[in-house]
Ligand code: NI
């Protein structure tokens, strides 16, 4: 069979830590990532790429210099390339991100929250 279905909820169950993206799958040269968010990120810009947020659970505020966008479960928002933004999660948020492979989560800002994309562990059934 060609490939396997991936489960977003199962992938999110495997996520440990906040602001740490894990690669769920890829489409062409884009990564589809799952991430849990809590607290405030850093203001940053991705000069060369848009960034897609799809909220799975919780409510995520995308702070923009001209106002906030609040996303609930099932909501999708694209931050255009070059637009400064700072995500904020007042409660735990589970989200899916879509952006080109190699995109740095903190964009041009860098700092302690910069994280490389991690691969999800292969989930196997119980032995026997
Ligand atoms: Ni960003």
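Numbering (the numbering used here), first residue to last: 5 to 132.
Ideal placement from N, C-alpha and C gives every residue a C-beta, glycine not left out.
Nonlocal neighbours in the same chain, by C-beta distance under 7 angstroms from residue i, ignoring five residues either side
i           : result
residue 34  : 102, 103, 104, 105
residue 110 : 46, 48, 117, 118
residue 36  : 28, 29, 30, 100, 102
residue 7   : none
Nearest-angstrom Cβ-Cβ length linking residue i and residue j, presumed shorter than 8 angstroms
i          : j          : result
residue 85 : residue 53 : 5 angstroms
residue 89 : residue 68 : 6 angstroms
residue 12 : residue 38 : 6 angstroms
residue 97 : residue 55 : Actually they do not touch by this definition, with Cβ atoms about 15 angstroms apart.
residue 40 : residue 65 : That pair is no contact at about 15 angstroms.
Reduced DSSP category for residue i - H, G, I as helix; E, B as strand; rest coil
i           : result
residue 61  : strand
residue 79  : coil
residue 101 : strand
residue 16  : helix
residue 55  : strand
residue 7   : coil
residue 39  : strand
residue 69  : coil
residue 44  : strand
residue 50  : coil
residue 91  : strand
residue 125 : coil
residue 28  : strand
residue 34  : strand
residue 74  : strand
Cutoff 8 angstroms; reference residue i; Cβ partners in own chain excluding five residues on either side
i           : result
residue 95  : 42, 62, 63
residue 123 : 26, 27
residue 113 : 46, 47, 48, 49
residue 107 : 35, 50, 53, 55
residue 24  : 39, 40, 119, 122
Close-in-space but distant-in-sequence residues of the same chain around residue i (CB under 6 angstroms, 5 per side omitted)
i          : result
residue 44 : 92
residue 10 : 28, 29
For the segment 74 to 88 against the segment 56 to 63, do three or more pairs of beta-carbon atoms, one drawn from each stretch, fall closer than 8 angstroms, so that the two count as touching?
yes
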